[in-house]
Amino acid sequence: MVQTMDKAASTEPPAAATQTRIGAWIVWSVRWWALLGGVLVMGLALMTAGSAVSNLITGIPFSADYELVKHIIAIAIFMFLPYCQITGSNVSVDVFTERMRPRAKTAMAVLSSALALGFALFMLVLMYGGLLSYLKYREVTPVLKLPLWTAFPTILLSLLLLALAACVTLVAHLRAMRVLKTTNGTHP
(Lines of atoms letter the chains of each structure in order from A and count residues from 1; the text may use other names and numbers.)
(Lines give C-alpha, C1' and ligand atoms only; values in the text may rest on other atoms or scores of the structure.)
Protein backbone atom coordinates (compact mmCIF):
# COMPACT_ATOMS: atom_id res chain seq x y z
CA MET A 1 0.00 0.00 0.00
CA VAL A 2 1.34 3.39 -0.94
CA GLN A 3 0.78 6.12 1.59
CA THR A 4 0.32 9.55 0.11
CA MET A 5 -1.00 12.74 1.59
CA ASP A 6 -4.58 11.94 0.42
CA LYS A 7 -5.97 11.58 3.90
CA ALA A 8 -5.72 14.58 6.17
CA ALA A 9 -3.72 14.26 9.38
CA SER A 10 -3.40 10.49 9.60
CA THR A 11 -2.77 9.23 13.10
CA GLU A 12 -0.73 6.28 11.89
CA PRO A 13 2.94 6.42 10.91
CA PRO A 14 3.83 5.68 7.30
CA ALA A 15 3.63 1.92 6.69
CA ALA A 16 7.21 1.91 5.42
CA ALA A 17 8.38 3.21 8.79
CA THR A 18 7.75 -0.09 10.50
CA GLN A 19 9.42 -2.27 7.87
CA THR A 20 12.79 -2.12 9.60
CA ARG A 21 13.67 -2.71 13.23
CA ILE A 22 15.12 0.75 13.66
CA GLY A 23 12.07 2.35 12.03
CA ALA A 24 9.72 0.38 14.30
CA TRP A 25 11.84 1.33 17.32
CA ILE A 26 11.71 5.02 16.38
CA VAL A 27 7.92 4.89 15.98
CA TRP A 28 7.59 3.08 19.33
CA SER A 29 9.91 5.57 21.07
CA VAL A 30 8.10 8.57 19.62
CA ARG A 31 4.72 7.25 20.79
CA TRP A 32 5.93 6.61 24.34
CA TRP A 33 7.68 9.97 24.45
CA ALA A 34 4.44 11.73 23.47
CA LEU A 35 2.51 9.75 26.10
CA LEU A 36 5.04 10.86 28.70
CA GLY A 37 4.51 14.45 27.54
CA GLY A 38 0.77 13.91 28.01
CA VAL A 39 1.40 12.72 31.56
CA LEU A 40 3.35 15.93 32.23
CA VAL A 41 0.50 18.07 30.89
CA MET A 42 -2.03 16.09 32.93
CA GLY A 43 0.10 16.66 36.03
CA LEU A 44 0.20 20.38 35.27
CA ALA A 45 -3.58 20.45 34.87
CA LEU A 46 -4.03 18.73 38.24
CA MET A 47 -1.55 21.08 39.90
CA THR A 48 -3.24 24.15 38.39
CA ALA A 49 -6.68 22.91 39.46
CA GLY A 50 -5.35 22.20 42.96
CA SER A 51 -3.85 25.68 43.13
CA ALA A 52 -7.15 27.24 42.05
CA VAL A 53 -9.09 25.23 44.65
CA SER A 54 -6.54 26.14 47.31
CA ASN A 55 -6.89 29.79 46.37
CA LEU A 56 -10.70 29.58 46.62
CA ILE A 57 -10.71 27.78 49.97
CA THR A 58 -7.75 29.31 51.80
CA GLY A 59 -6.99 32.37 49.70
CA ILE A 60 -3.46 31.02 49.11
CA PRO A 61 -2.56 29.39 45.77
CA PHE A 62 0.41 27.04 45.46
CA SER A 63 3.60 29.04 45.44
CA ALA A 64 5.35 29.23 42.10
CA ASP A 65 2.76 27.23 40.16
CA TYR A 66 3.23 29.73 37.33
CA GLU A 67 6.97 28.97 37.24
CA LEU A 68 6.34 25.25 37.01
CA VAL A 69 3.72 25.65 34.28
CA LYS A 70 6.09 27.75 32.14
CA HIS A 71 8.97 25.34 32.65
CA ILE A 72 7.12 22.06 32.16
CA ILE A 73 4.80 23.13 29.34
CA ALA A 74 7.84 24.15 27.28
CA ILE A 75 9.23 20.66 27.80
CA ALA A 76 5.90 19.00 26.94
CA ILE A 77 5.46 20.98 23.72
CA PHE A 78 8.81 19.72 22.45
CA MET A 79 7.87 16.17 23.51
CA PHE A 80 4.85 16.25 21.17
CA LEU A 81 6.74 17.42 18.06
CA PRO A 82 8.17 13.99 17.08
CA TYR A 83 4.70 12.41 17.34
CA CYS A 84 3.22 15.13 15.14
CA GLN A 85 5.93 14.43 12.56
CA ILE A 86 5.64 10.65 12.58
CA THR A 87 1.84 10.72 12.27
CA GLY A 88 1.67 13.53 9.71
CA SER A 89 -0.29 15.69 12.14
CA ASN A 90 1.66 18.88 11.53
CA VAL A 91 -0.16 21.92 10.27
CA SER A 92 -0.86 21.73 6.57
CA VAL A 93 -2.85 23.81 4.14
CA ASP A 94 -4.98 21.36 2.20
CA VAL A 95 -6.49 24.13 0.06
CA PHE A 96 -3.27 24.19 -1.97
CA THR A 97 -2.83 20.43 -2.23
CA GLU A 98 -6.37 19.02 -2.49
CA ARG A 99 -6.40 19.16 -6.31
CA MET A 100 -2.81 18.00 -6.76
CA ARG A 101 -2.02 14.65 -8.27
CA PRO A 102 -0.73 11.92 -5.91
CA ARG A 103 2.81 12.34 -7.20
CA ALA A 104 2.82 16.10 -6.49
CA LYS A 105 1.33 15.51 -3.02
CA THR A 106 4.03 12.96 -2.29
CA ALA A 107 6.70 15.40 -3.50
CA MET A 108 5.26 17.96 -1.06
CA ALA A 109 5.45 15.34 1.70
CA VAL A 110 9.11 14.69 0.84
CA LEU A 111 9.81 18.42 1.00
CA SER A 112 8.00 18.82 4.33
CA SER A 113 9.92 15.89 5.85
CA ALA A 114 13.21 17.33 4.62
CA LEU A 115 12.30 20.73 6.10
CA ALA A 116 11.33 19.07 9.41
CA LEU A 117 14.70 17.31 9.48
CA GLY A 118 16.52 20.58 8.80
CA PHE A 119 14.46 22.38 11.46
CA ALA A 120 15.14 19.65 14.04
CA LEU A 121 18.89 19.71 13.42
CA PHE A 122 19.02 23.51 13.45
CA MET A 123 17.07 23.68 16.72
CA LEU A 124 19.19 20.90 18.20
CA VAL A 125 22.34 22.96 17.63
CA LEU A 126 20.74 26.16 18.99
CA MET A 127 19.27 24.45 22.06
CA TYR A 128 22.57 22.74 22.81
CA GLY A 129 24.19 26.18 22.76
CA GLY A 130 21.46 27.40 25.10
CA LEU A 131 22.12 24.51 27.47
CA LEU A 132 25.82 25.32 27.58
CA SER A 133 25.03 28.98 28.24
CA TYR A 134 22.63 28.19 31.10
CA LEU A 135 25.11 25.74 32.59
CA LYS A 136 27.79 28.42 32.51
CA TYR A 137 25.71 31.28 33.92
CA ARG A 138 23.37 29.29 36.24
CA GLU A 139 20.14 31.27 35.87
CA VAL A 140 17.26 30.12 38.10
CA THR A 141 13.54 30.81 38.50
CA PRO A 142 12.71 33.54 41.05
CA VAL A 143 10.63 31.62 43.60
CA LEU A 144 11.59 27.93 43.43
CA LYS A 145 15.19 28.60 42.39
CA LEU A 146 14.78 25.91 39.71
CA PRO A 147 17.79 26.01 37.37
CA LEU A 148 16.63 26.89 33.85
CA TRP A 149 19.07 24.44 32.28
CA THR A 150 16.95 21.55 33.62
CA ALA A 151 14.50 21.92 30.71
CA PHE A 152 17.18 21.51 28.07
CA PRO A 153 18.11 17.79 28.31
CA THR A 154 14.50 16.74 27.70
CA ILE A 155 14.10 19.29 24.92
CA LEU A 156 17.32 18.09 23.27
CA LEU A 157 16.11 14.49 23.41
CA SER A 158 12.80 15.60 21.91
CA LEU A 159 14.60 17.35 19.05
CA LEU A 160 16.73 14.26 18.44
CA LEU A 161 13.55 12.17 18.26
CA LEU A 162 12.05 14.77 15.91
CA ALA A 163 15.08 14.43 13.62
CA LEU A 164 14.75 10.63 13.68
CA ALA A 165 11.00 10.87 13.02
CA ALA A 166 11.68 13.22 10.10
CA CYS A 167 14.19 10.71 8.71
CA VAL A 168 11.60 7.94 8.97
CA THR A 169 8.91 9.98 7.21
CA LEU A 170 11.38 11.20 4.59
CA VAL A 171 12.40 7.65 3.72
CA ALA A 172 8.75 6.53 3.67
CA HIS A 173 7.72 9.37 1.36
CA LEU A 174 10.72 8.80 -0.92
CA ARG A 175 9.68 5.13 -1.20
CA ALA A 176 6.13 6.22 -2.00
CA MET A 177 7.50 8.60 -4.63
CA ARG A 178 9.47 5.78 -6.20
CA VAL A 179 6.36 3.55 -6.31
CA LEU A 180 4.29 6.34 -7.85
CA LYS A 181 7.02 6.94 -10.42
CA THR A 182 6.93 3.29 -11.50
CA THR A 183 3.12 3.40 -11.75
CA ASN A 184 3.18 6.72 -13.67
CA GLY A 185 1.69 8.72 -10.81
CA THR A 186 -1.46 6.67 -10.36
CA HIS A 187 -2.47 4.62 -7.40
CA PRO A 188 -1.53 0.94 -7.67
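For the sequence shown, the UniProt record's numbering assigns the number 188 to the last residue and increments by one with no breaks. C-beta atoms are modelled at their ideal positions from N, C-alpha and C, and glycine is treated no differently.
Between the alpha carbons of A114 and L36 lies a gap of roughly 26 Å. Of the residues assessed, G23 falls on the buried side of the cut-off, its CB having 16 or more other CB atoms within 10 angstroms. Runs of the alpha helix (DSSP H) spanning 4 or more residues and lying entirely within the stretch 30-111 occur at 65-87, 94-97, in chain order. If only uninterrupted alpha helix (DSSP H) runs of at least 4 residues are considered, none is enclosed by the stretch 103-165. In chain order, M79, F80, P82, Y83 place their CB closer than 8 Å to the CB of A34, counting only its own chain and leaving out the 5 sequence neighbours on each side. DSSP, reduced to helix, strand and coil, places T169 within a helical segment of the structure shown.
T183 sits in coil when the DSSP states are folded into three classes, being neither helix nor strand.
The stretch 97-111 and the stretch 164-181 touch, with three or more beta-carbon pairs separated by less than 8 Å. Closest in alpha carbon position to P142, among A64, G59, N55, is A64. Counting only residues of its own chain and dropping the five nearest sequence neighbours on each side, A107 has a CB closer than 8 Å to the CB of M177. Fewer than three Cβ pairs drawn from the stretch 87-101 and the stretch 40-48 lie within less than 8 Å of each other, which leaves the two stretches out of contact.
Note that the C-beta distance between M123 and L156 is not below 7 Å.
With a cutoff of 7 Å on beta-carbon distance, L148 and Y134 are scored as near each other. Of the residues assessed, A151 falls on the buried side of the cut-off, its CB having 16 or more other CB atoms within 10 angstroms.
Between H173 and A109, the C-beta spacing is below 7 Å.
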